[in-house]
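Per the numbering used here, the sequence shown starts with residue 4, numbered consecutively.
For every residue, glycine included, the Cβ atom is placed at its ideal position computed from N, Cα and C.
This structure is a prediction, so every number in the text was calculated from the model and none was measured.
Before any comments, here is the structure.
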Amino acid sequence: VGKIIGIDLGTTNSLVAIVESGIPLVLADGQGRRLTPSVVRVSAAGEPVVGWEAKRGRVAHPETTVTSIKRFMGRRGDEVDSTAAASAYAIRAEGSGPVAVPLHGRDWSPEELSAEILKALRTIAAEGMIDRPEAAVITVPAYFNDAQRNATRNAGELAGLRVERIINEPTAAALAYGLGSLKEQSKVAVYDFGGGTFDLSILELNEGVFQVLATCGNTRLGGDDIDRVLIEHLAEQIGQAGGPSAATDPAIWARLAEAAEEAKARLSTENEVAIALPFLAPEFSFEYTLTREQLERLAKPVVARTREYCLKALADAGLASGDLDQVILVGGQTRMPLVREFASGVFGCGGGGPELNTSQNPDEAIALGAAIQAGILSGDFSGMLLLDVTPLSLGIETFGGLMNVIIPRNTTIPVKRGEAFTTVADYQKEVLIHVLQGEREKAADNWSLGRFTLEFEPQPKGVAKVGVQFEIDADGILHVLARDIKTGNEKLVEMASAVEVDDAEVQQMIEESVEHAFDDIEERRWIEAKLRAEQT
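Take a look at the structure:
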């Protein structure tokens with residue numbers, strides 16, 4: 004196997020790393036910069052400009068400069084209204100169709116725009132390597148669903164890369180930390196607060212084997228949300244001072260976004276910053292002093308939303324915070340003192356509790372972990388193994404509208420499991436396989452990943468047997484096999500159609516399963532009793 008690069012395809016910034024002589028390294032561009040802004044601007048000629056140059060042109064070309072495209076990966080039109088409202092660029096989002104970004108007369112998919120970022124990273128890697136890289140390990144948020152993972156893989160392939168593995172960001176971070184700073188036996192929580200997503204994963208390291216015990220998160224919660232409330236605050240101050248509206252002017256919005264991002268970063272180390280925005284309108288300039296206290300007051304509701312995912316992951320892992328050895332902070336947003344203080348409080352760090360570990364650069368840990376996973380695949384590391392988990396249960400709909408779970412949530416992947424089912428009507432010629440993802444008892448309360456039919460030999464009800472096998476590969480992508488056990492006729496389907504899943508409900512799924520647990524179980528018992536009565 005040739006050299007495989009590791010890529011952190013981030014919402015705000017992206018990085019590329021390799022393993023050289025057993026040491027993982029983040030590669031820099033020709034000017035020594037290791038971060039590449041995840042920004043793409045399309046010129047009037049239709050040519051994409053990526054990274055720092057695109058970011059510099061954001062104020063001058065707000066409507067053709069695309070930021071935070073990761074938030075739209077694998078998403079359908081009716082999922083993105085609230086997110087799109089905060090963009091200076093236009094989003095084409097219609098019904099259940101894919102999201103598109105119209106730029107100079109052409110619709111760009113999120114995968115195509117992400118591919119441009121990946122091409123830029125591949126070029127950086129090529130300049131630092133003997134051979135141009137052909138393969139990559141790419142990271143995704145732990146709570147990315149099947150459609151979002153497939154979209155990421157497609158972006159890699161569009162960039163000319165063979166995607167060897169898709170791995171979860173918190174897991175990659177744990178690999179980076181585990182190589183040098185973790186004991187041979189330890190339990191850690193990875194608190195990953197990035198630009199667009201939040202993940203909390205609990206992992207156990209035992210003699211080189213990393214096993215994910217539980218994962219929880221939200222693909223719509225990140226530093227962008229703090230930027231947004233700060234932009235709205237600044238826009239309100241401008242309005243009160245008699246200035247122009249940012250909501251209707253993309254150029255003003257872009258200037259506020261740039262100012263908010265810079266102010267937020269500086270307030271991680273300073274107590275106050277001066278914001279100066281001259282000539283927002285021909286006769287209006289804006290000056291404002293923002294304090295860390297003001298920023299923290301605005302950001303606190305956003306940061307506080309991470310608490311429920313921390314507690315849920317601990318509960319799923321069957322652990323108390325005192326059972327952890329370390330809490331690892333990852334993602335650029337964890338530089339914020341408020342975030343560090345909050346994470347420390349949730350897990351009871353210090354005073355006999357777990358250690359708050361900030362020893363790695365929070366921007367680089369994920370890319371370094373991706374490079375280590377690439378090194379494991381290419382044989383640079385021996386004695387290390389990564390065992391990830393699936394974040395939600397998978398199963399099929401059975402008679403009576405119930406969900407039959409085949410792979411429970413937090414099962415270690417890759418995994419293959421199956422069950423045999425029978426028919427409920429005489430001489431059926433086919434059976435509908437309805438694949439579901441979620442935690443509720445009734446099929447209708449879970450997400451539909453897709454449907455397909457299997458034809459088989461007609462037999463009396465209860466005689467025909469259909470085997471259904473679920474396989475989740477190392478990338479977390481689901482393959483479903485249905486087989487007529489008598490004739491051997493079978494159909495294999497990859498659930499690439501998981502774009503039908505509304506990931507806005509990810510965070511609600513777990514909460515609702517707990518909230519409705521008693522009612523769901525009672526209803527399941529009633530339905531099963533009714534079915535038994537009808538069969539006698």
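| Asked | Found |
| --- | --- |
| In whole angstroms, what separates the C-alpha of Leu-544 from that of Ala-129? | Because the chain here runs from 4 to 539, residue 544 falls outside it and cannot be looked at. |
| On the premise that Gly-225 lies in contact with Thr-200, defined as a C-beta separation below 8 Å, what is that separation, rounded to the nearest angstrom? | 5 Å |
| Note down the Cα distance separating Arg-310 from Val-349, rounded to an integer number of angstroms. | 7 Å |
| Can you list, in chain order, the residues of its chain whose CB lies under 6 Å from that of Cys-313, leaving out five sequence neighbours each side? | Leu-203, Val-349 |
| Return the CA-CA distance between Val-502 and Val-104, expressed in angstroms with no decimal places. | In this prediction, Val-502 scores a pLDDT of 31, lower than 50, which makes its location untrustworthy; the coordinate-derived value is nonetheless stated afterwards. Cα to Cα, Val-502 sits roughly 17 Å from Val-104. |
| Distance check for Gly-398 and Val-483, CA to CA, integer angstroms please. | 10 Å |
| Could you pull the start and end residues of the alpha helix (DSSP H) that Lys-58 belongs to? | 55-59 |
| Would you kindly work out how many angstroms separate the C-alpha atoms of Ala-244 and Ser-347, rounded to a whole number? | 39 Å |
| Going by the beta-carbon positions, is the gap between Ile-410 and Ala-485 smaller than 8 Å? | no |
| Take every Cβ of the region 147-165, pair it with every Cβ of the region 67-85, and state whether three or more of those distances are shorter than 8 Å. | yes |
| Going by beta carbon distance, what residues of the same chain come within less than 7 Å of Pro-365, once the five residues before and after it are set aside? | Leu-332, Val-333, Gly-334, Gly-335, Thr-337, Arg-338 |
| Please check the pair Val-22 and Asp-383, which I expect to be a contact at CB under 8 Å, by giving their CB distance rounded to whole angstroms. | 5 Å |
| Which same chain residues, not among the five before or five after Ala-192, have their C-beta less than 6 Å away from its C-beta? | Ile-205, Leu-327, Val-330 |
| Are Val-471 and Phe-424 touching if we call contact CB-CB under 8 Å? | yes |
| Ala-359 lies in the beta strand (DSSP E); which residues open and close that run? | Looking at the sequence shown, residue 359 is not Ala but Leu. From DSSP, the beta strand (DSSP E) with Leu-359 extends over 358-360. |
| State yes or no: is the beta carbon of Asn-449 nearer than 8 Å to at least one beta carbon in chain B? | Among the protein chains of the structure shown there is no chain B, as only one such chain exists. |
| On the three-state DSSP scale, how would you describe Ser-500? | For Ser-500, the predicted model reports a pLDDT of 33, less than 50, meaning its position is unreliable; a value from the coordinates is still stated below. Three-state DSSP puts Ser-500 in a helix. |
| Would you mind stating whether Arg-560 and Leu-280 have Cβ atoms separated by less than 8 Å? | Nothing about residue 560 can be reported from this structure: the residues present for the chain run from 4 to 539 only. |
| Applying the 10 Å Cβ sphere with the 16-neighbour rule, what's the burial state of Ser-112? | buried |
| Under the assumption that Ser-17 contacts Thr-39 (Cβ atoms under 8 Å), give the Cβ distance between them as a whole number of angstroms. | 5 Å |
| Do three or more CB pairs link the region 137-153 to the region 457-466 at distances below 8 Å? | no |
| Who are the near neighbours of Cys-316 in its chain, counting only those whose CB is closer than 8 Å to its CB and skipping five residues on each side? | The sequence as given places Ala at residue 316; Cys does not occur at that position. Once the five neighbours on either side are set aside, the close Cβ partners of Ala-316 are Ala-192, Leu-203, Ser-204, Ile-205, Ala-217, Thr-218, Cys-219. |
| Do Ser-46 and Val-52 count as a contact pair if the criterion is CB distance below 8 Å? | yes |
| Check whether the Cβ atoms of Val-62 and Leu-116 lie closer than 8 Å to each other. | no |
| Report the three-state DSSP secondary structure of Tyr-291 (helix, strand or coil). | strand |
| Within a Cβ cutoff of 6 Å, which residues of the same chain sit near Ala-374, ignoring the five residues on either side of it in sequence? | Gly-9, Ala-20, Ile-21, Val-22, Pro-27 |
| For Gln-431, report the span of its beta strand (DSSP E) as first-last. | Taken as a continuous stretch (DSSP letters only), Gln-431 belongs to no beta strand (DSSP E), as it is neither H nor E. |
| Could you tell me the boundaries of the beta strand (DSSP E) in which Asn-16 lies? | 16-23 |
| Which same chain residues end up closer than 6 Å to Ala-249 when comparing Cβ atoms and leaving out the 5 residues on each side of it in sequence? | Ala-238, Ile-255, Trp-256, Leu-259 |
| Quick check on the DSSP output: what are the complete beta strand (DSSP E) runs of length 3 or more inside the region 208-264, in order along the chain? | 212-221 |
| Under 7 Å Cβ to Cβ from Lys-58, same chain only, skipping five residues before and after it: list those, please. | Pro-40, Val-42 |
| So what does His-482 bridge to, in DSSP terms? | Glu-474, Glu-497 |
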